[in-house]
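Everything on this sheet refers to the single structure shown next.
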Amino acid sequence: MKILVLNCGSSSLKYQLIDMDTESVLAKGLCERIGIEGSRLKHQPTGKDDVIFNDYMEDHSVAVKMVLDALTNSEYGVVSSMEEINAVGHRVVHGGEYFANSVIITPEVIKAVEKCSELAPLHNPANLIGIDACEKIMPGVPQVAVFDTAFHQTMPERAYLYAIPYEYYEKYKIRRYGFHGTSHRFVSEEAAKMLDRPYDQTKTITCHLGNGGSICAVRNGKSIDTTMGFTPLEGLVMGTRAGDVDAAVITFLMEKENLTPQEMDTILNKKSGVLGISGVSSDFRDIEEASEHGNERAEMALDVFAYKVAKRIGAYAAAMNGVDCIVFTAGLGENSASTRRLICDYLNYLGVHIDSYNNSLRGKAVEISAPDSRVRVLVIPTNEELVIARDTKELLDK
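Going by our numbering, 79 is the number at position 85 of the sequence shown; the sequence numbering is gapless.
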């Protein structure tokens, strides 16, 4: 079975074609600037040279058609025809309270995703565009929706309710939803395998750290708490997002700076985080370099970030009454040994000790805790596309 995995943004489309018999990636790629001048498709067939197309893509339907043409091309394609593609798995950001699991897409599912668009106005409409494009170009091919929020639907009320009048939850479903669920689920499952323990008998804290970041407490295979909330703005300090902020700061700044709600939203989502503190960049690599050259604000940004991550790890160890392992994943979590060291230096009270050599390794799943560490610490590359493909296959097999 060959499954096409799509992740549609408002002007982008990432894809992978995965052979589920071997769980190997046949090809992957990225369409950029869809509907904008300078559209570009980078197609990467496994074992062949990359191919770049600079053709204008008017909309996502055109982009999907270009992807399928690339996948079936006699020279740089990886399948002989579209008939070899058995299903499409879509990343859908927000499933609200409707979906606790992945589902085969039906008209009823599309209506529910549309209702959730108010909760994710930048993401769900783009996801729906991708689904609609595939329906038009690949009629009859099964499609599956895999939700970022689904894994966190096991959170108890004490974790997801905000202490605001309950009527706002009833009227508008204002609550904590959490995101990055597909990643947290994948790495927590892989961690159980590395620990050689049943997944439903583990206490794991997963740290998905990239330009966007979140932490999840996974007890016995279920998400019981996570740092992102009603939107991906809540929680950790991120590349450009502020994370947790006293709500009174927002109204104070709006009055002092005469800001509209939209302008305040832009500040919190796009001008804050480590960018706002350092004044250097939202890219942690740039900030690390600036810190090494004596930039005090860059050093402060890194320390604030590490402190906030370590503090939340401690909170989740308390929430689960213990922790078996801590997992680092995503771009920063997988690749920055110095960031992992900064965070783990705060965790000595848990008995966390890091092996410096293993912590320097990159590109593979590895245990970085020392033999005398009471809590095991792992680095596990995330693979959300494989989770989407696995869920798609499982639903079709049923």
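Even glycine gets a Cβ: it sits at the ideal position worked out from N, Cα and C. Values in this document were obtained by computation on a predicted structure and should not be read as measured data.
- Between the C-alpha atoms of C2 and K264 there is a straight-line separation of about 20 Å.
- With the rule of 3 Cβ pairs closer than 8 Å, the stretch 345 to 354 counts as touching the stretch 364 to 383.
- Across the set G267, L203 and I218, the C-alpha of L203 shows the shortest separation from the C-alpha of T323.
- Restricting attention to beta strand (DSSP E) runs no shorter than 3 residues, the stretch 113 to 161 encloses them at 137 to 141, ordered along the chain.
- For A211, the pairing in a beta bridge is given by DSSP as I199 and D219.
- The continuous alpha helix (DSSP H) containing R291 extends over residues E290 to A313.
- In this structure, the straight-line span from the alpha carbon of D63 to that of A383 is close to 21 Å.
- Taking 4 residues as the minimum length, the alpha helix (DSSP H) runs contained wholly in the stretch 247 to 284 are 255 to 264 and 267 to 272, in order along the chain.
- The C-alpha of G83 is placed about 7 Å away from the C-alpha of V140.
- The C-beta of K302 has 16 or more other C-beta atoms within 10 Å across all chains shown, which makes the residue buried.
- By the C-beta density criterion, L355 is exposed, having fewer than 16 other C-beta atoms within 10 angstroms.
- In the DSSP secondary-structure assignment, C25 is bridged to L7 and L35.
- The way I'd put it, the stretch 181 to 192 doesn't touch the stretch 220 to 235; fewer than three beta-carbon pairs between them come closer than 8 Å.
- In the DSSP annotation of this structure, the continuous segment of the beta strand (DSSP E) that includes R370 starts and ends at R370 to V373.
- In the three-state DSSP reduction, I168 falls in the coil class, being neither helix nor strand.
- The beta carbon of I307 lies closer than 6 Å to those of I199 in the same chain, with the five residues before and after it left out.
- F47 is bridged by DSSP to L35.
- For the set R179, L122 and R85, the Cα lying nearest the Cα of E102 is the one of L122.
- For the pair L296 and V87, the Cα-to-Cα distance works out to about 28 Å.
- Here D15 is exposed. Its C-beta has fewer than 16 other C-beta atoms within 10 Å.
- In the three-state DSSP reduction, H84 falls in the strand class (E or B).
- The criterion of a C-beta distance shorter than 7 Å is satisfied by D385 and S96.
- Looking at the DSSP output, I244 bridges to nothing.
- DSSP places V19 in the strand class (E or B) of the three-state scheme.
- The DSSP-derived three-state label of S363 is strand.
- Contact annotation: V231 and V298 have beta-carbon atoms nearer than 7 Å.
- By the C-beta criterion, the stretch 27 to 34 is judged not to be in contact with the stretch 146 to 164, since fewer than 3 inter-stretch pairs fall below 8 Å.
- By the criterion of a C-beta distance shorter than 7 Å, N353 is surrounded in its chain by A331, R334, R335 and I362, once the five residues flanking it on both sides are discounted.
- Within the model, the alpha-carbon separation for I125 versus S111 is close to 14 Å.
- Per DSSP, the unbroken alpha helix (DSSP H) holding V103 starts and ends at P101 to K109.
- Looking at the backbone, the Cα of T143 and that of G172 are separated by about 6 Å.
- Boundaries of the alpha helix (DSSP H) around T66: H54 to T66.
- Using a Cβ distance threshold of 7 Å, K36 and D13 do not count as a contacting pair.
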